[in-house]
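Trainee:
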Amino acid sequence: MANIIEVKNLTKKFGSAEGEFTAVKDVTFSVEEGGIFAFLGPNGAGKSTTIKMLTTLLHPTSGTILINGHDPQKDSDAVRHSFGIVFQDPSLDDDLTALENLELHGMLYGVPREMLTKRIEELLGLVELSGRRNDFVRDFSGGMKRRLEIARGLLHHPKIIFLDEPTLGLDPQTRNHLWSYVQKLNADEGITVFFTTHYMEEADKVAKKVAIIDHGSIIAEGSSAELKQRTNTASLEDAFLALTGSEIREEAGNATDAFRAMHRVWRGGRR
Amino acid sequence: MKAVYIMWLREVKRFVRSKSRIVGALGQPVLFLIALGYGLGPVFAKAGQGNYLEFIAPGIIGMTIIFTAIFNGMQIIWDRQFGFLKETMVAPVSRTSIMFGRTLGGATVATLQGVLVLIIAIVAGFRPSWLGILPAIVAMLFIAFLFSALGIAVASKLRDMQGFQLIMNFLVMPLFFLSGALFPLNDVPAALLWIARFDPLSYGVDALRAFLIGSATFPIALDAAVLVGVSAVFLWLGARFFSQIEA
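Top to bottom, those sequences are chains F and U. Numbering-wise, the first sequence is residues 502 to 772 according to the working numbering. Numbering-wise, the second sequence is residues 7 to 253 according to the working numbering.
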């Protein structure tokens, strides 16, 4: 099948002449249409920067990107119509109801009225929020917000959905459900899924293809089985550690990173 | 077009729903009306200037509008912090139409708040020219639009609420106090009059006074020209800064 995401020699540098920092170095990869692609890497490896460039939020320093055949810089609207996204941090309007959040999205994306109503029904059913449509989002739990964001990201029938750590902070039940929706969508609508996660078992279970990025470069690419075989390890987590090393990366000072650090301490403690 | 409408609708819905915000925003103008209107009234009358309440009511309406409009623009900072801004940044519509919708929404909200203060002022004893009320509301919309656009322009350049105090003390307060909202510009020292001439709110309040109490410092055509001209500049600036935001 054709590649729906095509990235060639992608580079992003930040900063001025004195202190230049290369967040993404000469990255090349592709994602097949209808695939489920896991983009993995330690904190600060360049994942978020890459996603921002793919989703028109940042301009690359050099290299080319094609999303559904369009260049995010030259033809940003066509690219924006092609994907839906669930950001790492919530991006709903808490002071609107679930339905209003969805309607706002539909209007921004120019979804025709009748189609919008039908699609909202369908997606609220899928993420099991039909009964809560008229409730304010501020009263939703973290898991409900995530489900609503997934529904919103799919509203305009995108060809690709980007999920940036969609399961962060969710309980195992919700995580499980969430991945089953995603797999169902992939199977039923043929939507291409591009996701990042720090839960390696999720990537192992869901992804058809995995790429690992570290220090701004792709260091491994293939199916989970191939990566395990190559590193001679039993789990994707071990393969990941074998490839990226096991020392802790420096942390940025935001809440998500603090949460991750905490999570890591817990996980380490059990071993 | 749809994007402009939905962003406008969002602002209006959020405003109408937050009763505490509406009531909270009325506290200050009511206090000003009562404390200054009644408190300084006798002094003003003795100086041969007439009824002070009549005089400051349009000024207080102007104050309400500038505060509400600028704060509404500053909501971009909250939207950035709570993430909603990103939803609009990846939408397949121009940033200019998003910004324009937000500006219109902010202008609508600030005008509603201004009308509420007008009603309260009437209850407190303000007797405007009834024929002037409709044109005054149009003037309110223009003032509100101008400062909504300014609020968005400023907020697009701020990363968090840290700069809020700065904006309050070095932008909003001077714009209000130096505008002639509280005192007649006819007899002030030349230097102050010159400063007031550079404050767009002076022309806004002047237009409100022209319509509501039939007294003005500047010709109404000048008021209108300044409001429209400065609005256009702020709108352009706001659209520019807003489209430069990187998520």
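Ideal placement from N, C-alpha and C gives every residue a C-beta, glycine not left out.
Per the DSSP calculation, F530/F is bridged to which residue(s)?
Mentor: Paired residue(s): V508/F.
Trainee: Using beta-carbon positions only, say whether R108/U and M167/U come within less than 8 Å of one another.
Mentor: Result no, Cβ atoms of R108/U and M167/U do not sit closer than 8 Å.
Trainee: Given that T668/F touches chain U, what residues does it touch there, using C-beta distances under 7 Å?
Mentor: What T668/F touches in chain U: nothing, since even the nearest Cβ is about 17 Å away.
Trainee: For S208/U, which residues of its own chain have a beta-carbon under 6 Å away from its beta-carbon, when the five flanking residues on both sides are left out?
Mentor: Same-chain partners within the cutoff: S185, G186, A202.
Trainee: Can you tell me which of the three DSSP states F50/U falls into?
Mentor: Note: F50/U maps to helix in three-state DSSP.
Trainee: Terminal residues of the continuous beta strand (DSSP E) containing L585/F?
Mentor: According to the sequence provided, residue 585/F is Gly. The question's Leu does not apply to it. Note, G585/F: beta strand (DSSP E), 584 to 587.
Trainee: Please check if any C-beta of chain F sits within less than 8 Å of the C-beta of F247/U.
Mentor: No - not a single Cβ of chain F is within 8 Å of the one on F247/U.
Trainee: From what residue to what residue does the alpha helix (DSSP H) around D689/F run?
Mentor: Run containing D689/F: 673 to 690, per the alpha helix (DSSP H) assignment.
Trainee: How is T102/U classed by DSSP in three states: helix, strand or coil?
Mentor: The answer is helix: DSSP assigns T102/U an H, G or I state.
Trainee: Could you confirm whether any beta carbon from chain U is found closer than 8 Å to the beta carbon of G754/F?
Mentor: Note that G754/F scores 48 on pLDDT, short of 50, meaning its location in the model is unreliable and no value can be drawn from it.
Trainee: By the criterion of Cβ-Cβ separation under 7 Å, what are the contact partners of D572/F in chain U?
Mentor: The contacting residues do not exist; D572/F stays about 14 Å from chain U at best.
Trainee: Any Cβ of chain F within less than 8 Å of the Cβ of V18/U?
Mentor: No, V18/U does not count as interfacial toward chain F.
Trainee: Name the residue from S577/F, V694/F, E722/F whose alpha carbon lies nearest to the alpha carbon of A712/F.
Mentor: The shortest C-alpha separation from A712/F is found at E722/F.
Trainee: Using a Cβ cut-off of 9 Å, which residues of the region 68 to 91 of chain U contact any Cβ in chain F, in chain order?
Mentor: The residues in question are D85, F88, G89, F90, L91.
Trainee: Using a Cβ cut-off of 8 Å, which residues of the region 545 to 574 of chain F contact any Cβ in chain U, in chain order?
Mentor: If the cut-off is 8 Å between Cβ atoms, the region 545 to 574 of chain F has K553, T556, T557, L558, L559 near chain U.
Trainee: Determine which residues share a DSSP beta bridge with S718/F and list them.
Mentor: Answer is D715/F, bridged to S718/F.
Trainee: Exposed or buried, V99/U, counting other C-beta atoms within 10 Å across all chains shown (16 or more means buried)?
Mentor: Burial call: buried.
Trainee: I want to see whether chain U comes within less than 8 Å of G611/F, judged by CB atoms only; does it?
Mentor: It does: the Cβ of G611/F has a partner Cβ on chain U nearer than 8 Å.
Trainee: Alpha carbons only, please: which of I566/F, G632/F, K553/F is nearest the one belonging to A524/F?
Mentor: Closest option to A524/F, Cα to Cα, is K553/F.
Trainee: Relative to the C-alpha of G644/F, which candidate in V628/F, A503/F, R634/F has its C-alpha closest?
Mentor: Per the Cα distances, V628/F.
Trainee: Going residue by residue through the region 12 to 98 of chain U, where are the continuous alpha helix (DSSP H) segments of at least 4 residues, counting only ones entirely within it?
Mentor: Whole alpha helix (DSSP H) segments, 4+ residues: 25 to 38, 47 to 52, 58 to 87, 90 to 95.
Trainee: F248/U and S162/U - do their beta-carbons sit closer together than 8 Å?
Mentor: Going by C-beta atoms, S162/U is nearer than 8 Å to F248/U.
Trainee: From G235/U to R653/F, what does the alpha carbon distance come to, in whole angstroms?
Mentor: Roughly 40 Å between the two C-alpha positions.
Trainee: Going by DSSP, name the residue or residues bridged to A539/F.
Mentor: BP columns for A539/F point to F696/F, V711/F.
Trainee: Considering only residues of the same chain and omitting the five flanking positions on each side of G754/F, which have a CB-CB separation below 8 Å?
Mentor: Low confidence applies here, because G754/F scores a pLDDT of 48, under 50, leaving its location unreliable and the question unanswered by this model.
Trainee: Beta carbon of L671/F, beta carbon of L679/F: below 8 Å?
Mentor: Cβ atoms of L671/F and L679/F: closer than 8 Å.
Trainee: Determine the direct distance from the alpha carbon of F637/F to that of H699/F, and round the result to whole angstroms.
Mentor: Roughly 30 Å between the two C-alpha positions.
Trainee: Within its chain, find whatever has a CB closer than 8 Å to the CB of N602/F; leave out the 5 residues flanking it on each side and keep chain order.
Mentor: Hits under 8 Å: L593, D594, V638, L649, R653.
Trainee: Is K646/F helix, strand or coil when you go by DSSP?
Mentor: In the structure shown, K646/F sits in a helix (DSSP, three-state: H, G or I).
Trainee: Classify Q171/U as buried or exposed, calling it buried when 16 or more other Cβ atoms lie within 10 Å of its own Cβ.
Mentor: By the 10 Å Cβ count, Q171/U comes out exposed.
Trainee: For the region 574 to 587 of chain F, which residues have a beta carbon sitting closer than 7 Å to at least one beta carbon of chain U?
Mentor: Taking 7 Å as the Cβ-Cβ cut-off against chain U, the residues of the region 574 to 587 of chain F that qualify are D578, R581, H582, I586.
Trainee: What does the alpha-carbon distance come out to for the pair V694/F and L233/U?
Mentor: Those two C-alpha atoms are separated by around 50 Å.
Trainee: Can you pull the DSSP bridge partners for S563/F?
Mentor: BP columns for S563/F point to T512/F.
Trainee: For K509/F, which residues in the same chain have their Cβ closer than 7 Å to its Cβ, ignoring the five residues on either side in sequence?
Mentor: T529, G564, T565, listed in sequence order.
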